[in-house]
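Written out below as structure tokens is the structure these notes cover.
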Amino acid sequence: MGVRKSIVLVSFFMLFLSLSSAYPKPRKQYKPCKHLVLFFHDIIYNGKNAANATSAIVAAPQGANLTILASQFHFGNIAVFDDPITLDNNLHSKPVGRAQGMYLYDTKNTYTAWLGFSFSLNTTAYQGSINFIGADPLMNKTRDISVVGGTGDFFMHRGVATIMTDAYEGEVYFRLRVDINFYECW
Amino acid sequence: MGVRKSIVLVSFFMLFLSLSSAYPKPRKQYKPCKHLVLFFHDIIYNGKNAANATSAIVAAPQGANLTILASQFHFGNIAVFDDPITLDNNLHSKPVGRAQGMYLYDTKNTYTAWLGFSFSLNTTAYQGSINFIGADPLMNKTRDISVVGGTGDFFMHRGVATIMTDAYEGEVYFRLRVDINFYECW
Amino acid sequence: MGVRKSIVLVSFFMLFLSLSSAYPKPRKQYKPCKHLVLFFHDIIYNGKNAANATSAIVAAPQGANLTILASQFHFGNIAVFDDPITLDNNLHSKPVGRAQGMYLYDTKNTYTAWLGFSFSLNTTAYQGSINFIGADPLMNKTRDISVVGGTGDFFMHRGVATIMTDAYEGEVYFRLRVDINFYECW
Numbered sequence: 001m002g003v004r005k006s007i008v009l010v011s012f013f014m015l016f017l018s019l020s021s022a023y024p025k026p027r028k029q030y031k032p033c034k035h036l037v038l039f040f041h042d043i044i045y046n047g048k049n050a051a052n053a054t055s056a057i058v059a060a061p062q063g064a065n066l067t068i069l070a071s072q073f074h075f076g077n078i079a080v081f082d083d084p085i086t087l088d089n090n091l092h093s094k095p096v097g098r099a100q101g102m103y104l105y106d107t108k109n110t111y112t113a114w115l116g117f118s119f120s121l122n123t124t125a126y127q128g129s130i131n132f133i134g135a136d137p138l139m140n141k142t143r144d145i146s147v148v149g150g151t152g153d154f155f156m157h158r159g160v161a162t163i164m165t166d167a168y169e170g171e172v173y174f175r176l177r178v179d180i181n182f183y184e185c186w
Numbered sequence: 001m002g003v004r005k006s007i008v009l010v011s012f013f014m015l016f017l018s019l020s021s022a023y024p025k026p027r028k029q030y031k032p033c034k035h036l037v038l039f040f041h042d043i044i045y046n047g048k049n050a051a052n053a054t055s056a057i058v059a060a061p062q063g064a065n066l067t068i069l070a071s072q073f074h075f076g077n078i079a080v081f082d083d084p085i086t087l088d089n090n091l092h093s094k095p096v097g098r099a100q101g102m103y104l105y106d107t108k109n110t111y112t113a114w115l116g117f118s119f120s121l122n123t124t125a126y127q128g129s130i131n132f133i134g135a136d137p138l139m140n141k142t143r144d145i146s147v148v149g150g151t152g153d154f155f156m157h158r159g160v161a162t163i164m165t166d167a168y169e170g171e172v173y174f175r176l177r178v179d180i181n182f183y184e185c186w
Numbered sequence: 001m002g003v004r005k006s007i008v009l010v011s012f013f014m015l016f017l018s019l020s021s022a023y024p025k026p027r028k029q030y031k032p033c034k035h036l037v038l039f040f041h042d043i044i045y046n047g048k049n050a051a052n053a054t055s056a057i058v059a060a061p062q063g064a065n066l067t068i069l070a071s072q073f074h075f076g077n078i079a080v081f082d083d084p085i086t087l088d089n090n091l092h093s094k095p096v097g098r099a100q101g102m103y104l105y106d107t108k109n110t111y112t113a114w115l116g117f118s119f120s121l122n123t124t125a126y127q128g129s130i131n132f133i134g135a136d137p138l139m140n141k142t143r144d145i146s147v148v149g150g151t152g153d154f155f156m157h158r159g160v161a162t163i164m165t166d167a168y169e170g171e172v173y174f175r176l177r178v179d180i181n182f183y184e185c186w
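Chains as they are written, first to last, in UniProt numbering: chain A, 1 to 186; chain B, 1 to 186; chain C, 1 to 186.
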């Protein structure tokens, strides 16, 4: 009897666990299953720096051009980029991969970008790609975007990436720090 | 013996539950773990409405310009937007956030858009962002796109968003209703 | 006692299973829960082939135009496309859907694209959409991108798509083979 009761209890306890893994309840604290901190470096083409530039304006609203960011907080500019990724904050460190994709400025009264890009990593530690999209309100100290998928060592991974503007020079050079927290690792 | 048999049965039953949570079988009816209905309002810049416009054409195919949507069902236009989100269908209701990102027209013989955008919500009920991508065949009454991630209160969420054109005026104002159903909530 | 011990063991075993379904450990070999092989056909507008073209350059860097791909490995070009999808490698086979979205060239010293697009399938076997993003280093024989979501028969699906350039003619026609492996099927 005592034994049977225990079985029933175990049974319900397990049922609860199984259901809770299928339909997780909101909770506040998750531990990432993988964590990376990387830096990438964006040098925007301004008509004079073709040799060094890693990105270029390719679309602009009516009245703007492709060498000067547009007037209303750059609203309507789309830039394409191929930025080196480094392990530390030094632009001249050996790159461990490339950040490639696009950003677009989408607000008229503050600096906000929308990002769609990938990290292609090629190091002894990591081989593969990580895919990101999300809104980037540039004036906030930290901004969270989504890691929506990955390949290679990041096969099927999902997570959240926290972006910080680590340094900038005028409107030509931007260094971004990215804290990538994966919560689905496979 | 009876007891041992029960244990074994419980064991197999639990094993089945655990496996089925890891590898869900196709089934037809899912209940969302969270549901939101929101409206957003797009006012396209046409050369005369700079003060009110919330979006602008920033790319167009050869022969087209940035103030008039292109001729073949707008094929080749990319628009960038920063649209107010409201809880009801009134453009003048207090916004609860912004819909920000891009859409592009990608069909020559009907109206079809491709969407990449985010909701940034800032209400007492919800703080955080929701990230969307997907095809939007505009002539269909309802169109489903993917919720591919989220941050803040929508941390790691996934789901499906159903878009409806709730109202429009010429080719300048569009009101969209979005039913967001999250099936992964964390 | 023996019985009680078994119960405890079962209990821990089940606990382990439940946790492992919630936090999967890295492993090397996964079986897809669904697999598709499809082809799509991209015919880029070059100023002379308006009737046949399925894609068009809509953005270009300073100094480039919208009928000739840009000089430095097409860096900075964005193209919008609406390509037929076929079950075999014949451009003239009956289409089973459309591949719609955008690609952009984002590298100055080799051919690399960034893709954001959807498959809209409409066959007896499959009805629904599949949404993709990812980096496409074109000179690699195979390239992996992420399947970040889906609708209809692909409701909430995730996976990895392997792209191969199956054939091309100059810089006008490209045939791509896509092996889609879904690992989350719902």
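Every residue, glycine too, gets a C-beta built ideally from N, C-alpha and C.
Treat the numbers as computed from the prediction; the structure is a model and nothing was measured.
With a beta-carbon spacing of about 7 Å, C/D179 and C/A161 fall inside the 8 Å limit used to define contacts. DSSP, reduced to helix, strand and coil, places C/T123 outside both helices and strands of the structure shown, so it counts as coil. Contacts with chain A at 7 Å (Cβ-Cβ) do not include C/Q72.
For A/L104, the closest Cβ of chain B is nearer than 7 Å. Here A/G47 carries a coil assignment [DSSP, helix/strand/coil].
Between the alpha carbons of A/T151 and A/S120 lies a gap of roughly 9 Å.
If you draw a straight line from the Cα of B/N90 to the Cα of B/Y168, it is about 13 Å long. Listed along chain B are D82, R98, Q100, S120, each with a C-beta nearer than 9 Å to that of A/T112. Looking from the CA of B/V147, the closest CA among C/M164, C/D144, C/S129 belongs to C/S129. Within the DSSP bridge table, the entry for B/A161 names B/I145, B/I180 as partners.
The beta-carbon separation of B/Y126 and B/D82, rounded to 19 Å, does not stay under the 8 Å limit for a contact. Annotated as proximal: B/T86 and B/F39, with beta-carbon spacing under 7 Å. Across the structure, A/G97 and A/P84 are spaced so that their CA atoms are roughly 6 Å apart. Going by beta carbons, A/D106 and B/V80 fall inside the 7 Å limit. Note on the stretch 58–109 of chain B: whole beta strand (DSSP E) runs with a minimum of 3 residues are 78–86, 97–105, in chain order. The beta carbon of A/H41 sits closer than 6 Å to the beta carbons of D83, P84, L91, R175 from its chain, once the five residues preceding and following it are set aside; these are given in chain order. Contacts with chain A (Cβ-Cβ distance below 8 Å) from the stretch 126–140 of chain C involve I133, G134, A135, P137, listed in chain order. Chain C places a beta carbon closer than 7 Å to that of B/A59, counting this residue as a contact. Restricting attention to C/F155, C/G170, C/G47, C/N181, the CA atom closest to the CA of C/D144 is found in C/N181. Here A/C33 has F182, Y183, E184, C185 as same chain residues with Cβ atoms under 8 Å from its own Cβ, once five neighbours each way along the sequence are excluded. Nearest neighbour of B/T124 by Cα position, chosen from B/T142, B/K94, B/F132, B/I133, turns out to be B/K94. For A/T107, the residues of chain B that pass the 8 Å Cβ criterion are D82, R98, Q100, in the order they occur in the chain. Taking 8 Å as the upper bound for CB-CB distance, C/G116 and C/I133 are in contact here, some 5 Å apart. Among the residues facing chain A, B/V148 is included, as its CB has a counterpart in that chain under 7 Å away. Annotation: Cβ neighbours of A/F117 in chain C (cutoff 8 Å, chain order): W114. Residue pairing by DSSP places C/G170 opposite no residue, since no beta bridge is assigned to it. Taking the beta carbon of A/G76 as reference, the chain B residues within 8 Å of it are A56, V58, V80, listed in sequence order. Residues of the stretch 154–177 of chain A with a C-beta atom less than 9 Å from some C-beta of chain C are F155, M156, R158, listed in chain order. Look at A/D136 here: in three-state DSSP terms it is strand.
Nearest in C-alpha terms to C/F75, of all of C/L66, C/A60, C/G149, C/I44, is C/A60.
If you ignore the 5 residues before and after B/M156, its C-beta comes within less than 8 Å of the C-beta of G149, G150, E184, W186, all in its own chain and listed in chain order. The residue from C/K141, C/L138, C/Q100, C/I163 with its alpha-carbon nearest to that of C/S55 is C/Q100. Within a 10 Å sphere around the beta-carbon of C/K108 sit 16 or more other beta-carbons, which makes this residue buried.
For C/V172, the CB contacts under 8 Å within the same chain, skipping 5 residues up- and downstream, are I43, I44, N46, N49 in chain order.
Contact check for C/V58 and B/I68: beta-carbon distance about 15 Å, past the 8 Å limit, so the pair fails to qualify. Cβ-Cβ distances below 7 Å link B/T110 to F73, M139 in the same chain, with the five nearest sequence neighbours on each side left out; the list follows chain order.
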